[in-house]
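K.L.:
In this text, residue positions in the first sequence follow my numbering: the first is 8, and each later residue adds one. Positions of the beta carbon are idealized from the N, C-alpha and C atoms, including for glycine. Dropping a structure here in structure tokens format, bear with me for questions.
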Amino acid sequence: MTLLLEIYHKLYTTFGPQHWWPGDSSFEVAVGAVLTQNTNWGNVEKAILNLKRKGVLSAKALHEMQRDDLAALIRPAGYYNVKAGRLKSFIAFLMEEAHGSMKVLKKGTLQELRKKLLDVNGIGQETADSILLYALEKPAFVIDAYTKRVLSRHGILEQERSYEDFQELFLSSLKREVRLFNEYHALFVRVGKTFCKTRNPLCSECPLYGLQYTHG
DNA sequence: TGCCAGGCCGGGT
DNA sequence: ACCCGGCATGGC
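Have a look at this one:
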């Protein structure tokens, strides 16, 4: 068994299924992906709840809304002016590309959609992959701060390495399945939150403790 | 109370 | 090709 698969099994055994991504629709998932940029998920939930209460959690409604009005609603998510612009950029793309329909957008291929998403202002690699995986159900492996931190703390790949380097690690050794990629990334967030906080050094409580030490 | 949270952009070197 | 400042709220 490969190292990456072994890590997956250890995490899954410890934490069980994570049931990601929280959201009632693929559109909501995509909105959440933008709002959660460098932001606590709890704050994102408050922002999304505001949109739901106003009845504007749809491409059409948000497309027609003024940027500043949207900003006021998503205020709890932080960076609200920036994120209001980013949401409107994404929605303008969705309207242009798929008449505002996530279902229509889903018809594209992973590579084609990834390239187009990266051209949208405010969508970088992690957000693009999150939308691809969790909203559009394409096998894109999401690399985030937790993934990098957990892997680097266990001596598998240095934190300074690029997004592509980390992603290649997974793509080259795992079967490209949505179900696996979904659960795996969610498990990294889980283990990161539980045992791998920014401040804490490598901790012996972690299910991955003692896995592999190539340095440190 | 300061630090942190499921990044990204634009300008500078 | 990197490096950095800016963007902001809420919870512990």
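1. CA-CA distance, C213 and E190?
2. Counting along the chain, where does the alpha helix (DSSP H) carrying N47 start and finish?
3. For G131, which of L112, A105, L194, F97 has the nearest alpha-carbon?
4. Please report the straight-line C-alpha distance between L215 and T43, rounded to a whole angstrom.
5. Tell me which residue opens and which closes the alpha helix (DSSP H) that A78 is part of.
6. Pair every Cβ in the stretch 32 to 43 with every Cβ in the stretch 142 to 150, then say whether three or more of these pairs are closer than 8 Å.
7. How long is the line joining the alpha carbons of E52 and A135, rounded to whole angstroms?
8. Out of R206, S65, A84, point me to the one whose CA is closest to M102's CA.
9. Return helix, strand or coil for A147, following the three-state DSSP convention.
10. Report yes if the C-beta distance between I184 and P208 is below 8 Å; otherwise report no.
11. To the nearest angstrom, report how far apart E175 and E133 are at their CA atoms.
12. Does T201 come out as helix, strand or coil in the three-state DSSP assignment?
13. Roughly how far, in whole angstroms, is the beta-carbon of C203 from the beta-carbon of V157, given that I think they are within contact range, below 8 Å?
14. Could you pull out every residue in the same chain whose Cβ sits closer than 8 Å to the Cβ of K59, ignoring the five residues on either side in sequence?
P.N.:
Answer, in terms of the structure:
1. 18 Å
2. Careful: N47 lies outside any alpha helix (DSSP H) and carries neither H nor E.
3. F97
4. 26 Å
5. 74 to 80
6. yes
7. 20 Å
8. S65
9. coil
10. Note on residue identity: the sequence assigns Glu, not Ile, to residue 184. Contact: no.
11. 14 Å
12. helix
13. 5 Å
14. none
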